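Heads up, the thing below is written out as structure tokens.
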Amino acid sequence: MTPAGNGADTPSDERLGWPKRFLVRLLHVYFAFSRGMTLGVRAACFDAEGRVFLVRHTYVPGWHLPGGGVERGETGFAALAKELREEGNLEMTGAPRLFQVYFNGRISGRDHVLLYRVDVVQTAPRGADREIADCGFFDPASLPDGTTEATRRRLAELRGAAAMSHHW
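full-length UniProt numbering numbers the first residue of the sequence shown as 1 and each following residue consecutively.
Written as structure tokens, this is what we have:
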């Protein structure tokens, strides 16, 4: 055994023997598929005028809050900053506040979404490309036609006009 505290105080792989190493690896693969969870981030991004930033993707209909998946080894904060930069040329002007963790059963039985509330500034206009068809800031009281119901519900929850849900 090695000294406690360095993360290596369990028997080494060499001492387990190949059958046990194989079984442990097999169990890890099984749990990854049977209990694996996907995680995404979304953000209600507000500018200095109180307008909310929405995106319209090329691959799904409607206007959405910006966001995307959290990659293996990536923090929620890092994923949030990356997605805001990629989808809107947005920079956070303050610390994001985690608003809610939602279960998104419409995507799969294992998808979860972290919703943040964040103040932002747009560093440059964001043109259309293969992922983003359109984007912009909108008055929350006058959202564009085609804004998804989930987006409308999240914004209503944020302003206290709707009860908070645990489902996206």
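Glycine residues also receive a C-beta, built at the ideal position from the N, C-alpha and C atoms.
As the structure is a prediction and not an experimental result, all values here were calculated from the model.
Using only alpha-carbon positions, find the residue among the options that is nearest to residue i.
i    : options                : result
L84  : G94, P61, C45, L39     : C45
L158 : S142, G127, V121, Y116 : Y116
P61  : T151, A162, A156, A161 : T151
G67  : L90, F22, P19          : L90
R42  : R97, G105, P19         : R97
G105 : A133, A95, G127, T38   : T38
V121 : A156, A81, E71         : A81
D119 : G160, E149, E74, A95   : A95
Y59  : W18, A128, T93         : A128
So residue i and residue j are in contact, right, with Cβ under 8 Å, and what is the actual spacing, rounded?
i    : j    : result
H166 : F103 : 6 Å
T123 : L54  : Going by Cβ atoms, the distance from T123 to L54 rounds to 18 Å, so no, they are not a contact pair.
Roughly how many angstroms lie between the CA atoms of residue i and residue j, to the nearest whole one?
i    : j    : result
M164 : F137 : 24 Å
R77  : E87  : The amino acid occupying residue 77 in the given sequence is Phe; Arg does not appear at that position. In a straight line, the C-alpha of F77 is about 15 Å away from that of E87.
G36  : H57  : 27 Å
V113 : V101 : 6 Å
D111 : A48  : 32 Å
W63  : P144 : 8 Å
G73  : A79  : 10 Å
V52  : D139 : 6 Å
R130 : L155 : 27 Å
A133 : E71  : 24 Å
T10  : T75  : Confidence in T10 is poor, its pLDDT being 39 and thus under 50, which makes the residue's placement too unreliable to answer from.
W18  : G50  : 60 Å
R126 : E149 : 24 Å
G160 : M92  : 23 Å
F22  : C135 : 49 Å
W168 : L65  : 12 Å
Looking at residue j and residue i, is the spacing between their C-beta atoms short of 9 Å?
i    : j    : result
R153 : A162 : yes
G69  : G109 : no
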